[in-house]
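Numbering (UniProt numbering), first residue to last: 1 to 370.
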């Protein structure tokens, strides 16, 4: 999926360059393609090329942020807008929020933690809309057909496939996955729908497989984004097959190697104390009488994944178990697995599973009903 194009409009150069340089745009699958010192230039750029996200000051010379919004609001391909405003423009910004294209506003001086949460929200929103255009949702009759012919097959096969990979029967797992892919096909005009749900199946199986192997080899590329970008069922099949083969290799490698006493102790400590939100590499290094640098290198060398990714993996796995209880609110689960900031928890959860915690809880609830 191509990177989302961002335009920054602000009459203060320090703000334009600060946003461009101090935000890791790749993290949100975005790139800043242009900046503008006033609204007139911003509109000219938007008319010349497709812009997905406009970050604009509400007060600028010549043409201000409100003028831009009024100019763009009726365009079919209008970008999503994030407004930047000072306290003196607060009421003005609230008026602007009534426009459908305005996603949020951020007060100056800019809090980059707030900007981060807004950019995550915008990125997910745009990406979801693009996927929905490419793979439309099933209408009621087609959904009934899919459910009748495929849904139970998917749910029953996932655990079976993962179990085969775990015990080393990877050829059997691949064969079963191929059979599931074939049975999930919806006939005639519904090839796009079949592709959408084949990708959903692949994501689920990949997620379950990755639960069993905490390895940098498998996490080198984001499986959620990788699979979503695939165009055909054959590409989906090949990608997940390769994941299974790598998982099998890593499981065999883990069986043949033993970790040091230090790392065994650290792993035990992490699994018992993951719910402690203040848990850190420095704390554990001090607890084990080694330097953080030494522990970090030793951990990566022996576990094949860095400390933070391993800890996040434990926490997200536990969070998925807790979310099966529909009486638990997302903020409660976030706290229980060691995340004080529920927005950060949601972001990490989506990165590892492809779902927000709320979406995952609904998915689990639906599966249990079936």
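Every residue, glycine too, gets a C-beta built ideally from N, C-alpha and C.
At the level of alpha carbons, what is the spacing between residue i and residue j?
i	j	result
residue 172	residue 348	32 Å
residue 68	residue 43	7 Å
residue 175	residue 233	15 Å
residue 343	residue 84	21 Å
residue 359	residue 247	27 Å
residue 123	residue 341	19 Å
residue 237	residue 245	12 Å
residue 164	residue 363	24 Å
residue 10	residue 35	8 Å
residue 292	residue 285	5 Å
residue 29	residue 2	8 Å
residue 126	residue 110	23 Å
residue 179	residue 243	17 Å
residue 346	residue 229	22 Å
residue 167	residue 239	21 Å
residue 289	residue 283	10 Å
residue 52	residue 45	12 Å
residue 304	residue 162	21 Å
residue 134	residue 328	The predicted model places residue 134 with a pLDDT of 47, which falls under 50 and marks its position as unreliable, so this point remains unresolved.
residue 321	residue 27	27 Å
residue 306	residue 40	47 Å
residue 355	residue 65	33 Å
residue 177	residue 235	13 Å
residue 216	residue 241	With a pLDDT of 41 at residue 216, under the threshold of 50, the modelled position of this residue cannot be trusted, and the question is left open.
residue 63	residue 287	58 Å
residue 108	residue 116	15 Å
residue 112	residue 20	12 Å
residue 157	residue 297	39 Å
residue 70	residue 182	50 Å
Of all the options the options, which has the alpha carbon lying nearest to the alpha carbon of residue i?
i	options	result
residue 317	297, 300, 350 and 303	350
residue 302	262, 235, 308 and 165	262
residue 25	12, 7, 167 and 324	7
residue 18	32, 290, 5 and 28	32
residue 339	308, 325 and 326	308
residue 77	47, 106 and 63	47
residue 37	13, 22 and 29	13
residue 169	249, 336 and 2	249
residue 271	314, 235 and 229	314
residue 58	86, 241 and 355	86
residue 277	64, 337 and 102	337
residue 319	304, 306, 335 and 52	335
Answer yes or no: do residue i and residue j have a C-beta to C-beta separation smaller than 8 Å?
i	j	result
residue 311	residue 274	yes
residue 81	residue 56	yes
residue 299	residue 330	no
residue 5	residue 75	no
residue 295	residue 279	no
residue 120	residue 104	no
residue 106	residue 114	yes
Decide if residue i is buried, meaning its Cβ has at least 16 other Cβ atoms within 10 Å, or exposed.
i	result
residue 365	exposed
residue 326	exposed
residue 160	exposed
residue 61	exposed
residue 324	exposed
residue 214	Any answer about residue 214 is weak, because its pLDDT of 48 lies below 50 and its placement is not dependable; what the coordinates show is given next. Buried, since its Cβ has 16 or more Cβ neighbours within 10 Å.
residue 361	buried
residue 54	buried
residue 357	buried
residue 332	exposed
residue 22	exposed
residue 73	exposed
residue 268	exposed
residue 260	exposed
residue 193	Unreliable placement is indicated for residue 193, whose pLDDT of 49 sits below 50; the coordinate value is still reported in the next sentence. Residue 193 should be labelled buried.
Taking the continuous alpha helix (DSSP H) assigned at residue i, which residues delimit it?
i	result
residue 316	307-323
residue 42	39-48
residue 302	292-303
residue 278	First-last for residue 278: undefined, no H or E at that position.
residue 103	Here residue 103 belongs to no alpha helix (DSSP H); instead the beta strand (DSSP E) covers 102-107.
residue 353	342-353
residue 54	No alpha helix (DSSP H) holds residue 54; the beta strand (DSSP E) holding it covers 53-57.
residue 15	13-22
residue 261	261-273
residue 331	330-336
Could you spell out the range, first to last residue, of the beta strand (DSSP E) harbouring residue i?
i	result
residue 72	Here residue 72 belongs to no beta strand (DSSP E); instead the alpha helix (DSSP H) covers 65-72.
residue 5	4-9
residue 85	80-85
residue 30	30-36
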